[in-house]
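Undergrad:
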Amino acid sequence: MTFRLLLLFPALLLVAGCSSAKRYPPEEMHDISDRLSSLEQKVQEHDQEISNLQTGLGNLRQDTENMRRQTALRIMDLEMQLEREDFVPGPGPENLEPEPVEEPPDPPPAPEKNEKEPDKPASEAKQLYNQALELYFDEQAEQARQAFREFIDTYPEHPLAPNAWYWLAETFYMEKEYPQSILTFRQVLEHFPEDPKAPDALLKIGYAYKRLEDKRNARFYLGVLLEDYPESSAADKARETLDSL
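For the sequence shown, the positions run -21 to -1, 1 to 224 when mature numbering (1 follows the signal peptide of the UniProt record, and there is no 0) is used.
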């Protein structure tokens, strides 16, 4: 409104000054009136443009705030899911085989030959792990997820625990739940960094970030894989993926 008055003020002075000096013919007065009307219309158009810009800016701020809230809620949801795992691992045990996938290794023998009772729990652990793995390869992600969680809760220090965490993460990856798969793959890195599954977990984290179109994090984790596990089979795949990013 102030801008409109500033534009009209000189014209009004002109009319006032002219009226005091001399009287213009009706034709000229009509022309001046038309000019003032045109000028006022332009001012109104500018006001409308400013109003539209302000409305657009307000909408943009609202959209940004909505996205920020959605992201925060998603992060909180992922953190709560991770906490529900309720995993408190002991020191990472040594594996007998580098990658027990389809045919997992037998558990370590009992310390004394006369003690045969530990064989039963070990056999049950292997059976539960194989059952979970079979469900995964049958593409029954939810059932496999439950079985792997049961294994981890029941046998948190078993030699196959790193593998169970890895394949649990794969069930999320299978269903394209990439953020949750990343959090679960990280369990392998945090609790079993020396396990043969650690480089595989890093590789899949890189893949997951690539799926999320987050090339920066994809490059970072694949780079960590090459630096920490340069001789692993996963390192070769990481190099190929980095070349395509």
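Don't be surprised by glycine CBs; every beta carbon is placed ideally from N, CA and C.
Can you tell me the Cβ-Cβ gap for A187 and Y157, rounded? I've got them flagged as a contact below 8 Å.
TA: With a Cβ gap of about 4 Å, A187 and Y157 count as contacting.
Undergrad: Pop quiz: Y200 and L181 are said to be a contact at Cβ under 8 Å. What is the actual Cβ separation, rounded to whole angstroms?
TA: Their Cβ separation, rounded to whole angstroms, is 6 Å, which keeps Y200 and L181 in contact under 8 Å.
Undergrad: Relative to the alpha-carbon of Y134, which residue among L18, L114, A104, E118 has its alpha-carbon at the smallest distance?
TA: Nearest of L18, L114, A104, E118 to Y134, Cα basis: A104.
Undergrad: Can you grab the Cα-Cα spacing for the pair Q41 / Q119, in whole Å?
TA: C-alpha separation (whole angstroms): 41 Å.
Undergrad: Roughly how many whole angstroms lie between the Cα atoms of D222 and A197?
TA: If I take the Cα positions, the gap works out to 12 Å.
Undergrad: So is I161 buried or exposed if we call it buried at 16+ other beta carbons inside 10 Å?
TA: Flag for I161 reads buried.
Undergrad: Please confirm whether A140 and I131 have their CB atoms less than 8 Å apart.
TA: Result yes, Cβ atoms of A140 and I131 sit closer than 8 Å.
Undergrad: To the nearest angstrom, how far is the alpha carbon of G35 from that of F116?
TA: Roughly 51 Å separates the two Cα atoms.
Undergrad: Start and end of the alpha helix (DSSP H) containing P178?
TA: First-last of the alpha helix (DSSP H) with P178: 176 to 190.
Undergrad: So, for E19: in the same chain, excluding its five sequence neighbours on each side, which residues have a beta-carbon less than 6 Å away from its beta-carbon?
TA: Once the five neighbours on either side are set aside, E19 has no close Cβ partner at all.
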